[in-house]
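Take the sequence shown: its letters are residues 43 to 458, numbered as in this note's numbering.
We put the CB at the ideal spot given by N, CA and C, even for glycine.
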Amino acid sequence: MKRIFLILVMVGMVGLSSAIQPPRKPFIQITIDGKSYNSGDILTVTPGQKMMIAVEMEGGRRDYCKFPETYADITSTAQILSRGSNGISYLLDDKKNEWKLLGEEALFTSEDFLQINIRPDRMSAEVTVSTEKFPQTYLKISTTTKWQFNQNGSLSEETNRAEGTIYIQMAGQSDVWFKSANIEASGIRNDLVRDKLNEVQASCDSIEKNFYRLNFNAVQQSIRSLQTAVGTLKTTIDQVKAANQSYQTQVLFIGIPSDHPYEAIDVIAMVKKSWIEFEPVMGGLKQQLAKLPAQSTRENKDQLINIINNYIDWQNKLPKNAFQIMPLFMPRLKQDEIKLPDNLNFTPQGKSMDNYPQAISDFNAFLDKRIQQIPDEIDKINAIHTQLQAIRLFDQMLRSYFSSVNWAEWKSTRGI
Numbered sequence: 043m044k045r046i047f048l049i050l051v052m053v054g055m056v057g058l059s060s061a062i063q064p065p066r067k068p069f070i071q072i073t074i075d076g077k078s079y080n081s082g083d084i085l086t087v088t089p090g091q092k093m094m095i096a097v098e099m100e101g102g103r104r105d106y107c108k109f110p111e112t113y114a115d116i117t118s119t120a121q122i123l124s125r126g127s128n129g130i131s132y133l134l135d136d137k138k139n140e141w142k143l144l145g146e147e148a149l150f151t152s153e154d155f156l157q158i159n160i161r162p163d164r165m166s167a168e169v170t171v172s173t174e175k176f177p178q179t180y181l182k183i184s185t186t187t188k189w190q191f192n193q194n195g196s197l198s199e200e201t202n203r204a205e206g207t208i209y210i211q212m213a214g215q216s217d218v219w220f221k222s223a224n225i226e227a228s229g230i231r232n233d234l235v236r237d238k239l240n241e242v243q244a245s246c247d248s249i250e251k252n253f254y255r256l257n258f259n260a261v262q263q264s265i266r267s268l269q270t271a272v273g274t275l276k277t278t279i280d281q282v283k284a285a286n287q288s289y290q291t292q293v294l295f296i297g298i299p300s301d302h303p304y305e306a307i308d309v310i311a312m313v314k315k316s317w318i319e320f321e322p323v324m325g326g327l328k329q330q331l332a333k334l335p336a337q338s339t340r341e342n343k344d345q346l347i348n349i350i351n352n353y354i355d356w357q358n359k360l361p362k363n364a365f366q367i368m369p370l371f372m373p374r375l376k377q378d379e380i381k382l383p384d385n386l387n388f389t390p391q392g393k394s395m396d397n398y399p400q401a402i403s404d405f406n407a408f409l410d411k412r413i414q415q416i417p418d419e420i421d422k423i424n425a426i427h428t429q430l431q432a433i434r435l436f437d438q439m440l441r442s443y444f445s446s447v448n449w450a451e452w453k454s455t456r457g458i
């Protein structure tokens, strides 16, 4: 009994292994200069290179026609008359049935870096690579097959479609295909992944913008959006890999969205110190200006220039990027009202003093306005400096988050 049972089980297993399978999803077989490639492969080329590309669709109805014993449910009852890539005919219940290929066509598309000349057979093309250097481009191939089924004189039609992409990289060029302020992606380009990379960068930009607005509630919301966008990016990459086993891409996060606002903390601290220290100095410059003689002599001009140079020295000692950073936090700040006007620049690199009384009057008016403005500026700078301390907490939060993303690389730009 045991032997009979084992024999029955083995027969059953053979029956299962030989069961009819559904035809494979249509796909493209790609041949480039006689060598086979899969969709998603990367081909390295040189400027001006010519390639002959031939394609053929497999799977779908062609599986049914070529391999009826595997993909057709007729072999046990029908008599196969003919079979092959272009069709199958068989007798079923003494009636002839036939699948016949009516036409097959391929569409080749790319960017301007490739010149495509489609051959008369519509299934092959000569591709010429541009002499202009580029990091990466693609050749997308869309194929269509049209089939006709004749069942004892009754006709019907079926269309199969498939797409494939070959990624083309210039020899000696980097394979980085996406680059933004905080992200680089290398490997194989993919439009779905690119869209998600853009969403991650948009979240980074939103965080940085809200730092400059000192809107920390919005910063928190943007950080949550960033975490969601990074998670979606990972999911999308996994989905693309699942659909195309040869797909590979590497993501590198560069710095964090708080890098520039964090660096501004020290700049604003130096600006605060400079403003506070120079406020009483301007009153002294005003007094010195009032003591100047009215006569336009060389000695008096030199004295005026020395007084003006005190303001120039203060201005030159400010952090080099002070007037780039301050407007980010103080959008209403008017730099032209803080910087010494060009008509008062009498340094060796500046203009000569042709009108001594006018120069005194212009500098006096400039000082009056600065003395009036500087207390309000100091109040705003103090307030900003205090608020900026919150960036340190968010900076640590962002550093911890990016260092915890284990499926991508992260490179700090601050060396800490």
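Beyond the five residues adjoining it in sequence on each side, residue 246 comes within less than 6 Å, by CB distance, of 224, 299 in the same chain, given in chain order.
Remark: fewer than three beta-carbon pairs, one from each stretch, lie closer than 8 Å, so the segment 330-350 and the segment 261-279 are not flagged as touching. Judged by DSSP in its simplified three-state form, residue 142 adopts strand. For residue 217, the CB contacts under 8 Å within the same chain, skipping 5 residues up- and downstream, are 84, 177, 178, 211, 228, 229 in chain order.
Around residue 193, the same chain offers 139 as residues with beta carbons nearer than 7 Å, after the five sequence neighbours per side are excluded. By a beta-carbon distance limit of 8 Å, residue 69 contacts residue 100. Their separation comes to about 6 Å. Annotation for residue 171: the continuous beta strand (DSSP E) segment containing it runs 166-171. Spatial neighbours of residue 133 in its own chain (CB-CB distance under 8 Å, excluding positions within 5 residues in sequence) are listed in chain order as 120, 121, 123, 139. Excluding the 5 residues flanking it on each side, residue 87 has same chain C-beta neighbours closer than 6 Å at 171, 210, in chain order.
Judged by their CB atoms, residue 258 and residue 436 are nearer to each other than the 9 Å cut-off.
Ranking 143, 96, 77, 72 by CA distance to the CA of residue 106 puts 143 first. Only residues of its own chain outside the window of five on either side were considered, and among them 288 have a CB closer than 6 Å to the CB of residue 80, listed in chain order. By the C-beta density criterion, residue 308 is exposed, having fewer than 16 other C-beta atoms within 10 angstroms. Short of 6 Å from the beta carbon of residue 367, and not among the five residues preceding or following it, lie these beta carbons of its own chain, in chain order: 306, 309. Closest in C-alpha terms to residue 219, from the list 205, 382, 199, 235, comes 235. Linking residue 311 to residue 399 through their CA atoms gives a straight-line distance of about 38 Å. Only buried fits residue 297, as 16 or more other CB atoms lie within 10 angstroms of its CB.
In the structure shown, residue 277 falls within a helical segment according to DSSP collapsed to helix, strand and coil.
Of the other Cβ atoms in all chains shown, 16 or more fall within 10 Å of the Cβ of residue 441; this residue is therefore buried.
Ranked by how close their Cα comes to the Cα of residue 173, the residues 162, 183, 157 have 157 in first place. Per DSSP, reduced to three states, the secondary structure at residue 86 is strand. With contacts defined by Cβ atoms closer than 9 Å, residue 187 and residue 145 form a contacting pair. Taking each of 350, 240, 301 in turn and checking the Cα distance to residue 325, the smallest one comes out for 350. With respect to the 9 Å criterion, residue 282 and residue 232 are classified as neighbours on the basis of their beta carbons.
Residue pairing by DSSP places residue 221 opposite 226 in a beta bridge. In this structure residue 166 is in contact with residue 94, their Cβ atoms being roughly 7 Å apart against a cut-off of 8 Å.
In the structure shown, the three-state DSSP call for residue 398 is helix.
Assigned with DSSP and collapsed to three states, residue 266 falls in helix. Residue 324 carries a helical assignment under DSSP once its states are collapsed to helix, strand and coil.
Within the same chain, and ignoring the five residues on either side of residue 153 in sequence, the residues whose Cβ sits closer than 6 Å to its Cβ are 179.
Counting only residues of its own chain and dropping the five nearest sequence neighbours on each side, residue 369 has a CB closer than 6 Å to the CB of 375. Checking the DSSP bridge columns, you'll see residue 150 partnered with 183.
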